[in-house]
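Let me begin by presenting the structure, written as structure tokens, before commenting on it.
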């Protein structure tokens with residue numbers, strides 16, 4: 001797919017994120033907007049999935065470990081044809097399939113129910129290990145938030161990924177520098193993430209601009225090193241694409257009002 005078309009999809013997903021959270025009056029726009037390029041590139045350039053056969057046992061797998069970025073996930077799934085955009089009106093509503101965090105039992109295209117931070121990496125490692133044991137050519141992709149990497153279970157999972165030589169696993173770190181209570185450095189400094197991932201046995205590709213769709217595609221297409229899991233450390237901007245949300249921690253878990261919705265959609269249109 002051409003870069004221009006991928007960029008168009010990214011813009012549409014950003015508009016969907018704004019509309020979903022504004023309609024619900026709640027949700028997490030900031031971290032959803034920062035992850036758009038990572039998720040669009042994964043689903044449209046790498047993953048072998050079929051919306052007409054969403055439970056094919058030989059499909060590739062995706063785990064959104066930072067489950068609060070569900071609006072981005074749902075936008076991508078709608079663009080890919082797994083769900084109808086009509087469902088967006090019901091986002092975070094009682095009995096809706098589109099809850100605030102993804103539910104694998106309800107949403108076609110969702111491979112893991114996530115939301116409790118720190119667990120998605122372990123789920124992805126289990127999927128990749130299972131594929132290896134079965135001798136299947138299944139690739140597993142997961143996106144983690146940087147603040148999420150303050151959880152100890154994440155590093156246990158990374159250690160296991162290297163130990164079991166899971167070269168069918170790609171971990172993407174959405175490094176936007178902010179979490180719900182402030183900057184990562186204020187809450188719990190993560191230090192040199194690239195060096196840490198290498199020390200834990202990963203091949204690391206670091207992107208200075210993780211919101212550059214062409215750069216993300218190139219990183220995903222880079223060949224895996226035999227016997228080593230891959231990490232894409234993507235430096236992104238929280239709230240990317242909406243001027244008044246960009247780099248603002250207050251937009252971690254706050255929905256735009258109607259005036260803010262109109263302004264955001266106008267910016268994304270332009």
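Numbering (the UniProt record's numbering), first residue to last: 1 to 270. Beta carbons are placed, not taken as given, at the ideal position from N, Cα and C, and that holds for glycine.
Cβ of residue i within 8 Å of Cβ of residue j?
i: residue 33; j: residue 242; result: yes
i: residue 27; j: residue 85; result: no
i: residue 207; j: residue 215; result: yes
i: residue 36; j: residue 240; result: yes
i: residue 174; j: residue 234; result: yes
Under DSSP, the beta strand (DSSP E) around residue i begins and ends at which residues?
i: residue 61; result: 61-64
i: residue 214; result: Here residue 214 belongs to no beta strand (DSSP E); instead the alpha helix (DSSP H) covers 213-221.
i: residue 230; result: 230-235
i: residue 206; result: 203-207
i: residue 144; result: 140-145
i: residue 174; result: 169-175
Can you tell me where the alpha helix (DSSP H) holding residue i begins and where it ends?
i: residue 73; result: 70-80
i: residue 266; result: 258-269
i: residue 23; result: 3-24
i: residue 123; result: 120-134
i: residue 186; result: 184-188
i: residue 163; result: 152-163
Return the chain-ordered list of same chain residues with a C-beta closer than 7 Å to the C-beta of residue i, the five sequence neighbours on each side being excluded.
i: residue 118; result: 148, 151, 153 and 154
Assuming residue i and residue j make a contact with CB atoms under 8 Å, what is their CB distance in whole Å?
i: residue 120; j: residue 80; result: Contact flag wrong, Cβ pair sits at about 20 Å.
i: residue 210; j: residue 236; result: 4 Å
i: residue 67; j: residue 115; result: 4 Å
i: residue 6; j: residue 143; result: Actually they are not in contact, since the Cβ atoms of residue 6 and residue 143 sit about 17 Å apart, beyond 8 Å.
i: residue 249; j: residue 178; result: 5 Å
i: residue 274; j: residue 264; result: Since the first residue of the chain shown is 1 and the last is 270, residue 274 is not available in this structure.
Hey, would you say the C-beta of residue i is under 7 Å away from at least one heavy atom of the ligand GDP?
i: residue 166; result: Summarising the ligand content, the structure contains no ligands, and the ligand GDP is consequently not present.
Skipping 5 residues on each side, what residues in its chain have a beta carbon closer than 6 Å to that of residue i?
i: residue 188; result: 150
i: residue 77; result: 83 and 109
i: residue 42; result: 141
Between residue i and the rest of its own chain, which residues show a CB-CB distance below 8 Å, the 5 nearest in sequence each way excluded?
i: residue 90; result: 96, 97 and 98
i: residue 260; result: 22 and 244
i: residue 225; result: 167 and 203
Problem - Contact between the region 187-194 and the region 211-220 (3+ Cβ pairs under 8 Å) - result: Touching, no, given that fewer than three Cβ pairs across the two stretches are closer than 8 Å.
Exercise for the section: Check whether the region 125-142 touches the region 97-104, taking contact to mean three or more Cβ pairs, one atom from each stretch, closer than 8 Å. Expected result: No, the region 125-142 is not in contact with the region 97-104.
Exercise for the section: Would you check if there are 3 or more beta carbon pairs closer than 8 Å linking the region 111-128 to the region 157-167? Expected result: Yes: the two stretches touch, three or more of their Cβ pairs being nearer than 8 Å.
Exercise for the section: Check whether the region 225-237 touches the region 166-185, counting contact only when three or more Cβ pairs, one atom from each stretch, lie closer than 8 Å. Expected result: The region 225-237 vs the region 166-185: in contact.
Practice task
Spell out a yes or no on whether the region 49-56 and the region 15-27 are touching, meaning 3 or more CB-CB pairs, one atom from each, closer than 8 Å.
Solution key: With a cut-off of 8 Å, the region 15-27 and the region 49-56 do not count as touching, because too few Cβ pairs lie within range.
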